[in-house]
Amino acid sequence: MYYSKQKRRNIITNSASILNNPIEYLKGVGPFRGDILKKEAGIFTFKDLLQYFPFRHIDRTQITPISQISSDTDYVQVKGKITSIETLGENRGRRLVATLYDGTGELELVWFQGISWIQKSLHIGSPFLVFGKAGFFLNTPQITHPEMELLSEANKNAKSFLEPVYPGTEKLKAKNMGGRQMGNLTFTLLQMLSEKDVPENLPADILQKFGLIKRFDAYKNIHFPVSQPDYENAVKRLKFEELFLSQLRMGLVRFKRNTFSKGLVFSKVGNLFNEFYNRYLPFELTGAQKRVLKEIRKDVGSGKQMNRLLQGDVGSGKTMVALMTMLIAADNGFQSCFMAPTEILARQHFESLKTMLKDIPVKIGILTGSSSAKEKRTVLKATLEGEISILTGTHALIEDTVQFKNLGLAIVDEQHRFGVAQRAKLWDKNDINPHILVMTATPIPRTLALTAYGDLDYSVMDEMPPGRIPIVTVHRMEYTRPQVMNFIKSEIKLGRQAYIIYPLIEESAKLDFEDLMRGYEEVKAYFPEPQYYISMVHGRQKPVEKQTNMNRFVSGDTQIMVSTTVIEVGVNVPNASVMVIESAEKFGLPQLHQLRGRVGRGSEKSYCILSTKVKLSADAKQRLKIMCDTNDGFKIAEKDLEIRGPGDIEGTKQSGLLNFKLANIIEDRQILEAARFTAEKIISQDPALSSSENQCLKQFLEGEKGKTAWSKIS
Ligand code: ADP
Ligand code: MG
Numbered sequence: 007m008y009y010s011k012q013k014r015r016n017i018i019t020n021s022a023s024i025l026n027n028p029i030e031y032l033k034g035v036g037p038f039r040g041d042i043l044k045k046e047a048g049i050f051t052f053k054d055l056l057q058y059f060p061f062r063h064i065d066r067t068q069i070t071p072i073s074q075i076s077s078d079t080d081y082v083q084v085k086g087k088i089t090s091i092e093t094l095g096e097n098r099g100r101r102l103v104a105t106l107y108d109g110t111g112e113l114e115l116v117w118f119q120g121i122s123w124i125q126k127s128l129h130i131g132s133p134f135l136v137f138g139k140a141g142f143f144l145n146t147p148q149i150t151h152p153e154m155e156l157l158s159e160a161n162k163n164a165k166s167f168l169e170p171v172y173p174g175t176e177k178l179k180a181k182n183m184g185g186r187q188m189g190n191l192t193f194t195l196l197q198m199l200s201e202k203d204v205p206e207n208l209p210a211d212i213l214q215k216f217g218l219i220k221r222f223d224a225y226k227n228i229h230f231p232v233s234q235p236d237y238e239n240a241v242k243r244l245k246f247e248e249l250f251l252s253q254l255r256m257g258l259v260r261f262k263r264n265t266f267s268k269g270l271v272f273s274k275v276g277n278l279f280n281e282f283y284n285r286y287l288p289f290e291l292t293g294a295q296k297r298v299l300k301e302i303r304k305d306v307g308s309g310k311q312m313n314r315l316l317q318g319d320v321g322s323g324k325t326m327v328a329l330m331t332m333l334i335a336a337d338n339g340f341q342s343c344f345m346a347p348t349e350i351l352a353r354q355h356f357e358s359l360k361t362m363l364k365d366i367p368v369k370i371g372i373l374t375g376s377s378s379a380k381e382k383r384t385v386l387k388a389t390l391e392g393e394i395s396i397l398t399g400t401h402a403l404i405e406d407t408v409q410f411k412n413l414g415l416a417i418v419d420e421q422h423r424f425g426v427a428q429r430a431k432l433w434d435k436n437d438i439n440p441h442i443l444v445m446t447a448t449p450i451p452r453t454l455a456l457t458a459y460g461d462l463d464y465s466v467m468d469e470m471p472p473g474r475i476p477i478v479t480v481h482r483m484e485y486t487r488p489q490v491m492n493f494i495k496s497e498i499k500l501g502r503q504a505y506i507i508y509p510l511i512e513e514s515a516k517l518d519f520e521d522l523m524r525g526y527e528e529v530k531a532y533f534p535e536p537q538y539y540i541s542m543v544h545g546r547q548k549p550v551e552k553q554t555n556m557n558r559f560v561s562g563d564t565q566i567m568v569s570t571t572v573i574e575v576g577v578n579v580p581n582a583s584v585m586v587i588e589s590a591e592k593f594g595l596p597q598l599h600q601l602r603g604r605v606g607r608g609s610e611k612s613y614c615i616l617s618t619k620v621k622l623s624a625d626a627k628q629r630l631k632i633m634c635d636t637n638d639g640f641k642i643a644e645k646d647l648e649i650r651g652p653g654d655i656e657g658t659k660q661s662g663l664l665n666f667k668l669a670n671i672i673e674d675r676q677i678l679e680a681a682r683f684t685a686e687k688i689i690s691q692d693p694a695l696s697s698s699e700n701q702c703l704k705q706f707l708e709g710e711k712g713k714t715a716w717s718k719i720s
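So the number in the numbering used here is just where the residue sits in the sequence shown, counting from 1, plus 6.
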């Protein structure tokens with residue numbers, strides 16, 4: 007497609023903001039390069055280019071004498087003349103080698119690709135400014151695929167600013183759109199812009215309080231700073247903006263919901279709750295359980311919809327909080343549903359609710375993928391007619407066929423297994439959205455919770471039920487398996503049970519499956535019938551088979567449970583005191599912590615044995631050490647975040663809320679705290695953003711609202 011200059015100008019001036027222009031209209035881009043930028047760098051508009059930030063800068067004012075290049079030298083810029091050019095080698099080894107001489111020494115320049123094209127531009131005696139990563143080959147300094155700039159009268163002096171280095175993918179480079187070309191385009195763009203195109207969006211007092219530079223200046227200086235401090239100030243400003251705006255947006259969502267949403271009112275605590283509490287509660291609630299119940303009661307009585315995230319480490323007693331909240335719902339004439347991520351866990355919740363509530367007049371139902379057609383029909387009918395007060399189940403609960411008479415509360419256990427969209431489907435099961443309680447046993451570090459779940463209210467259970475003895479965790483090499491097996495024997499002799507876990511991470515992976523079977527045979531050899539009985543559970547079994555094996559272990563008919571990670575979440579067998587995790591190096595920290603949480607649930611001392619091969623990566627060693635050092639899920643989560651970075655944390659990927667362009671919520675914790683504090687203050691003082699200071703914020707947010715990036719769709 008070709009656009010005349012006139013047409014291009016029209017497009018530019020007619021659009022609301024020049025920054026929304028499609029990238030191909032930028033001088034020097036055009037349709038061909040435009041396509042490359044879209045495909046390889048996700049740059050669709052002028053704005054995308056402006057926000058394609060360099061990850062570092064090179065001081066192009068520095069020229070290094072060749073004689074000073076050493077093995078410590080990283081990127082260098084040298085200035086000299088070409089003294090020789092030759093092609094060497096055959097086929098894949100074919101390369102172009104040129105020598106550059108600067109009066110102090112010789113530097114070898116090497117190309118493996120684009121040889122004929124480069125050869126044309128090189129001439130003996132031509133002066134060049136050469137830039138690249140220095141290396142050594144046979145004691146001669148060398149740069150492979152250097153950036154070359156022919157020095158002419160016009161540019162014979164080195165550039166006078168710090169030159170940006172962009173994260174150009176290899177493909178961009180291959181299409182001759184490397185860092186330097188990207189820099190030129192960005193430079194062109196910045197020349198066209200003025201402050202009105204990049205208006206300030208932060209109130210003046212915030213800029214002043216945190217010593218932040220203006221937005222337009224920040225964009226200029228992040229690309230083309232004159233000095234290192236200029237660059238750092240630009241980054242600081244843009245990081246703050248990014249974190250602050252995300253905190254403000256989420257805070258406003260929360261504020262609006264807490265202020266304007268219509269919620270079902272659970273006005274009273276009635277007979278069901280009181281009778282259970284006074285007569286059947288098997289233990290004293292922990293302080294944390296009491297506090298969280300209070301927070302929930304306040305929410306559900308407020309007339310606004312509750313959206314609360316409940317975090318509590320494995321074993322902190324979240325199920326009891328769920329149960330008592332559901333009793334409050336029932337006391338007020340509302341139904342509840344309690345959704346679990348696996349069949350096993352859903353059954354277990356069902357069984358334990360039935361046991362605990364056996365003398366309380368509430369009807370409990372269960373619905374899972376493996377419920378028979380007849381069961382399903384009965385449960386669906388009883389749910390629709392309001393006869394069932396508490397419906398437990400798996401994600402089968404969110405299917406459209408499941409209709410309630412008056413759903414008042416939806417509890418989602420072990421939330422990280424559920425997508426955001428799935429959760430949203432639960433909301434629509436009543437005209438007025440039911441209250442939502444999301445419970446997660448994968449502790450999320452505070453910084454992450456603030457950013458990833460900042461739109462939810464947030465409770466923490468930071469206290470374990472009394473009498474728990476910390477789990478002893480040790481790391482053992484695989485060749486000590488006989489000792490490990492003997493240890494299990496001694497525990498079984500004391501009347502306890504053991505888990506042995508195999509890393510069937512992909513339930514379909516053939517190799518892993520064979521490992522599991524081999525492991526099972528091996529365990530059987532150590533623990534022969536009839537003295538010992540073993541349960542085995544894995545993902546290829548039919549639900550009934552899984553359930554039977556699980557039940558035999560729960561009831562104590564079997565002493566050993568050989569399983570894959572299907573038992574990872576929630577399973578509660580207090581008599582189990584040993585957990586062996588085979589190939590523990592293959593698991594991530596949260597998963598190890600989850601698995602370990604299956605033991606230490608009773609009053610006996612419990613053990614977790616992490617079994618690995620001898621040779622381990624540094625990361626794996628670090629993970630194992632952390633596991634041996636602490637039982638605290640929150641500490642483990644923090645470490646995990648440090649090791650892996652936020653992008654990988656389970657359950658946050660799909661949220662998209664952690665995809666900051668610049669900010670890193672670990673390194674920039676302090677900025678995040680300042681941003682959050684500032685956002686909260688604004689929301690409490692001026693939630694409509696109507697004051698004159700906040701106009702710039704309001705306009706900016708409105709401009710961004712509901713904007714679909716049409717250019718990305720086309
Ligand atoms: P999680 O938070 O991991 O879901 P559970 O709800 O499964 O933990 O509780 C773990 C165990 O602790 C269960 O056996 C439960 O009965 C017990 N428990 C819960 N609350 C208390 C308490 N306040 N005092 C003693 N034991 C408790
Ligand atoms: Mg649980």
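The beta-carbon is built from N, C-alpha and C at its ideal position, and this holds for glycine as well.
Determine the contact status of Ile566 and Ala504, defining contact as a CB-CB distance below 8 angstroms.
Locating residue 566 in the sequence shown gives position 560, counting from the first residue. Locating residue 504 in the sequence shown gives position 498, counting from the first residue. Against a cut-off of 8 angstroms, the Cβ pair of Ala504 and Ile566 comes out as a contact.
Is Gln295 buried or exposed, if buried means 16 or more other CB atoms sit within 10 Å of its CB?
If you number the sequence shown from 1, residue 295 lands on position 289. With 16 or more Cβ atoms within 10 Å of its Cβ, Gln295 is classed as buried.
Cut-off 7 angstroms between Cβ atoms - residues of its own chain near Asn637, not counting five sequence neighbours on either side:
Sequence index remark: in the sequence shown, residue 637 carries index 631 (1-based). Excluding positions up to five away in sequence, the list reads Pro476, Ile477.
Helix, strand or coil, according to DSSP, for Gly657 in the structure here?
Against the sequence shown, residue 657 aligns to sequence position 651. At Gly657 the pLDDT is 43, less than 50, meaning the model places this residue with poor confidence and gives no usable figure here.
On the criterion of 16 or more Cβ atoms from any shown chain inside 10 Å, does Cys343 qualify as buried, or is it exposed?
Counting from 1 along the sequence shown, the entry for residue 343 is found at position 337. So Cys343 ends up on the buried side.
Where does Val241 fall in DSSP's three states?
Sequence index remark: in the sequence shown, residue 241 carries index 235 (1-based). Helix, per DSSP.
With a threshold of 7 angstroms (Cβ to nearest heavy atom), would Met326 be considered close to the ligand GDP?
For the structure depicted, the ligand GDP is absent and the ligand set comprises only the ligand ADP and the ligand MG.
Does the ligand ADP have a heavy atom nearer than 7 angstroms to the CB of Val320?
Counting from one through the sequence shown, the residue named residue 320 turns up at place 314. Checking the Cβ of Val320 against the ligand ADP gives yes.
Which value, in whole angstroms, describes the spacing of the CA atoms of Lys44 and Leu178?
If you number the sequence shown from 1, residue 44 lands on position 38. If you number the sequence shown from 1, residue 178 lands on position 172. If I take the Cα positions, the gap works out to 11 angstroms.
Counting only runs that start and end within the stretch 623-706, where is the alpha helix (DSSP H) found for 4 or more residues in a row?
624-635, 639-650, 675-691
Is Arg260 near Asp461, with beta carbons less than 8 angstroms apart?
In the sequence shown, residue 260 corresponds to position 254, counting from 1. In the sequence shown, residue 461 corresponds to position 455, counting from 1. Yes; because the gap between Cβ atoms is below 8 angstroms, this pair is in contact.
Nearest candidate by alpha-carbon position, reference Asp108, set Gly99, Leu128, Val241, Ser73:
Counting from one through the sequence shown, the residue named residue 108 turns up at place 102. Measuring from the Cα of Asp108, the nearest candidate turns out to be Ser73.
Quick check on Arg62: does DSSP put it in helix, strand or coil?
In the sequence shown, residue 62 corresponds to position 56, counting from 1. Of the three classes helix, strand and coil, the one that applies to Arg62 here is strand, per DSSP.
Please determine whether the Cβ atom of Arg502 lies at a distance below 7 angstroms from any heavy atom of the ligand ADP.
On the sequence shown, position 496 is the one that residue 502 refers to. No; taking the cut-off as 7 angstroms, the Cβ of Arg502 has no heavy atom of the ligand ADP nearer than that.
Is it a yes or a no for the stretch 148-157 touching the stretch 109-127, going by three-plus beta-carbon pairs under 8 angstroms?
yes
Go ahead and label Asp674 buried or exposed: buried means 16 or more other beta carbons lie within 10 angstroms of its beta carbon, across all protein chains shown.
Translated into positions along the sequence shown, residue 674 becomes position 668. Per the 10 Å Cβ criterion, buried.
Can Glu248 and Phe666 be called in contact, C-beta distance under 8 angstroms?
In the sequence shown, counting from the first residue as 1, residue 248 sits at position 242. In the sequence shown, counting from the first residue as 1, residue 666 sits at position 660. Result yes, Cβ atoms of Glu248 and Phe666 sit closer than 8 angstroms.
Where does Thr564 land, buried or exposed, given buried means 16+ other C-beta within 10 angstroms?
Start at 1 with the first residue of the sequence shown, and residue 564 comes out as number 558. Result: buried.
Beta-carbon gap between Ile507 and Met585 smaller than 8 angstroms
For the purposes of this step, residue 507 is taken as the residue at position 501 of the sequence shown. For the purposes of this step, residue 585 is taken as the residue at position 579 of the sequence shown. It is a contact, given that the beta carbons lie within the stated cut-off.
Assign Gln705 to one of two classes, buried (16 or more other C-beta atoms within 10 Å of its C-beta) or exposed (fewer than that).
Sequence index remark: in the sequence shown, residue 705 carries index 699 (1-based). It is exposed - the Cβ of Gln705 has fewer than 16 other Cβ atoms within 10 Å.
Just checking Asp463 against the ligand MG - is the residue's beta carbon closer than 7 angstroms to any of the ligand's heavy atoms?
As a first step, residue 463 must be located in the sequence shown, where it is residue number 457. No, since every heavy atom of the ligand MG falls outside the 7 angstroms radius drawn around the Cβ of Asp463.
Suppose only complete runs of 4+ residues qualify. What are the alpha helix (DSSP H) ranges in the stretch 495-544, listed by chain order?
516-532
I'd like to confirm the pairing. Which residues does DSSP put opposite Glu112 in its beta bridges?
On the sequence shown, residue 112 is found 106 positions in, with the first residue counted as 1. The partner list for Glu112 (beta bridge, DSSP) reads Tyr107.
The stretch 50-65 touching the stretch 84-102, judged by at least three CB pairs closer than 8 angstroms
no
In the DSSP assignment, find the beta strand (DSSP E) that holds Pro133 and state where it starts and stops.
By 1-based counting over the sequence shown, the position of residue 133 is 127. Here the beta strand (DSSP E) through Pro133 covers 133-143.
Select from Gly307, Asn182, Lys262, Ser465 the residue whose C-alpha is nearest the C-alpha of Ser273.
Numbered from its first residue, the sequence shown carries residue 273 at position 267. Answer by Cα proximity: Gly307.
Where Phe52 sits in the DSSP three-state scheme:
Walking along the sequence shown from the start, residue 52 turns up at place 46. In the structure shown, Phe52 sits in a helix (DSSP, three-state: H, G or I).
Segment contact flag, the stretch 82-92 with the stretch 217-226, C-beta cutoff 8 angstroms, min 3 pairs:
no
Simplified DSSP assignment, three categories, for Phe118
Against the sequence shown, residue 118 aligns to sequence position 112. Reduced to three states, the DSSP call for Phe118 is coil.
Per-residue burial, Asn227 [other beta carbons within 10 Å of its own, 16 or more giving buried]
As a first step, residue 227 must be located in the sequence shown, where it is residue number 221. Under this definition Asn227 is a buried residue.
Between the stretch 444-455 and the stretch 366-380, are three or more C-beta pairs nearer than 8 angstroms?
no
Using the C-alpha atoms, what's the distance from Pro580 back to Gly318?
The residue given as residue 318 occupies position 312 in the sequence shown. The residue given as residue 580 occupies position 574 in the sequence shown. Straight-line Cα distance between these residues: approximately 18 angstroms.
Nearest-angstrom Cβ-Cβ length linking Leu218 and Arg186, presumed shorter than 8 angstroms
Locating residue 218 in the sequence shown gives position 212, where the first residue counts as 1. Locating residue 186 in the sequence shown gives position 180, where the first residue counts as 1. The Cβ separation is near 30 angstroms, so there is no contact.
Going by the C-beta, is Asn264 closer than 7 angstroms to any heavy atom of the ligand ADP?
Within the sequence shown, the letter at position 258 stands for residue 264. No; taking the cut-off as 7 angstroms, the Cβ of Asn264 has no heavy atom of the ligand ADP nearer than that.
Assuming Met467 contacts Val298 under a Cβ cut-off of 8 angstroms, what Cβ separation, rounded to an integer in Å, is found between them?
Translated into the one-based positions of the sequence shown, residue 467 becomes position 461. Translated into the one-based positions of the sequence shown, residue 298 becomes position 292. With a Cβ gap of about 6 angstroms, Met467 and Val298 count as contacting.
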